[in-house]
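Everything in the sequence shown is counted per the numbering used here, starting at 799 for the first residue and increasing by one. Here a beta-carbon is modelled for each residue, glycine too, at the ideal position from N, C-alpha and C. So the structure is just underneath, and the comments pick up after that.
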Amino acid sequence: MLWRHALAFVVVGQLCACSAALAGPGLSDKRFVFQTDFGDIEMALYPDVAPVTTAHILKLVQLGGYNGNHFFRIDKGFVAQTASVVGGRQTPLDIKQQEEAEKTVPLEVQQDIKHNKRGILSMGRLEDPNSGGSSFSILLDSAPHLDMRYTIFGEVTAGFVTLTNLETADTVKEGIFVMPKERITITSTYVFSKSDVHNGCTAATDCQQKLAALQERFDAQSHRIEQARASKLP
C-alpha cells in the first residue's frame, strides 16, 4: 500500500509540474497599453522571469516615455519593433524620462522561456547582451533563433487584431530592417491593474453615474447661458 501512495504522490507532482509548464510564466497584474492608429495593444509583464527589465519598461511607460514614440520596424511574420525612446519620440524627453531611458538592463534568460508564439515581448539590444535600453520587439510569429540571446519580458494579452493590422502597412527594406514607409506613432500609453478591472464593477458604475450627473449639469448650464445670451443680444 505504501508504494502505491508514494507512486500517487510522484504522479501528482509530475502532473502539477507539467501544468505549471503549460501555463507559462506568471503575468503581472499591471498591464500597459500602446494606442496607435492601427488599434490598441495591451501587454503584460513577466516579473518572475525578467525582474530588472520589467521594472525598467514599466517605469518608462508610467513616466510617459513611449508617448510619441513609434514602431520603426514592421517585418511581417517576424517582429514589430519600437524605436528607442531616446531619439524615437516626436517630442524631447523630460529629465525623469531621460534618466530612466538612458539606463541599460542585463540579459535575463531562462531555458524554459522561449520565443515560441505570436505576441511575445523581446528586448532589443546592441551587440553587448547587457545593453538593453527601451527598444523592444513584439513577435509576429515564433522565433526560436532568438532563444537565450534576447530577454523575453512579457506578452500581448489583447490587441492581436492590431498586430494583424500593423502587418498590412506598406514597408521598405533598408539593410537588415523591414521598415514602414509611413511613421506608425504610438500616440498615447497608459497603465492599469487587471485586478482593479475585475473587482471594479461597482467603481465603474459609480463613475458612469457621476459622469452622467455632470453631463446633465453641463447641459443645463449651457442652456441657461444660451438663454442669457439670447436675452441680451438684439
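Excluding five sequence positions before and after Ala-956, the CB atoms of its chain that fall closer than 8 angstroms to its own CB belong to Asp-838, Ile-839, Glu-840, given in chain order. Here Phe-951 is near Thr-852, since their CB atoms are less than 9 angstroms apart. Asp-838 has Gln-833 as its beta-bridge partners, per DSSP.
Within a 10 Å sphere around the beta-carbon of Thr-987 sit 16 or more other beta-carbons, which makes this residue buried. Judged by beta-carbon spacing, Thr-834 lies beyond the 9 angstroms limit of Thr-966, meaning their Cβ atoms are not closer than that value. Scanning its chain for C-beta atoms nearer than 8 angstroms, with the 5 sequence neighbours on each side dropped, one finds around Phe-934 the residues Ile-855, Gln-879, Thr-880, Leu-919, Ser-920, Met-921, Gly-922, Phe-951, in chain order. Restricting attention to alpha helix (DSSP H) runs no shorter than 4 residues, the stretch 855 to 911 encloses them at 883 to 886, 893 to 899, ordered along the chain. In this model, Ile-872 and Arg-916 are separated by some 14 angstroms (Cα to Cα). A direct Cα-to-Cα measurement between Val-859 and Phe-830 gives close to 7 angstroms. By the neighbour-count criterion, in which a residue is buried when 16 or more other Cβ atoms sit within 10 angstroms of its Cβ, Ser-826 is buried.
Judged by their CB atoms, Val-954 and Lys-828 are not nearer to each other than the 9 angstroms cut-off. His-943 is a Cβ neighbour of His-913, given a cutoff of 9 angstroms.
Beta bridge pairing from DSSP links Pro-978 with Thr-969. Taken through DSSP and simplified to helix, strand or coil, Val-847 comes out as coil. For Leu-961, the enclosing alpha helix (DSSP H) starts and ends at 958 to 964.
Separation of Ser-993 and Leu-843 (C-alpha to C-alpha, rounded to the nearest whole angstrom) is 14 angstroms. Sequence-distant partners of Glu-898 (beyond 5 residues in either direction) whose C-beta falls short of 8 angstroms from its own C-beta, in its chain, are His-854, Lys-857, Leu-858, Leu-861, Gly-863. Spanning the alpha carbons of Ile-893 and Arg-887 requires a straight line of approximately 14 angstroms.
Under the DSSP assignment, Leu-919 falls in the beta strand (DSSP E) whose first and last residues are 918 to 921.
Counting along the chain, Tyr-988 sits inside the beta strand (DSSP E) bounded by residues 986 to 991.
Exclusion of the five residues before and after Pro-849 leaves Glu-906 as the residues of its chain whose Cβ lies within less than 8 angstroms of its Cβ. When the alpha-carbon of Leu-937 is set against those of Thr-962, Ser-991, Thr-985, Ala-1010, the nearest one is in Thr-962.
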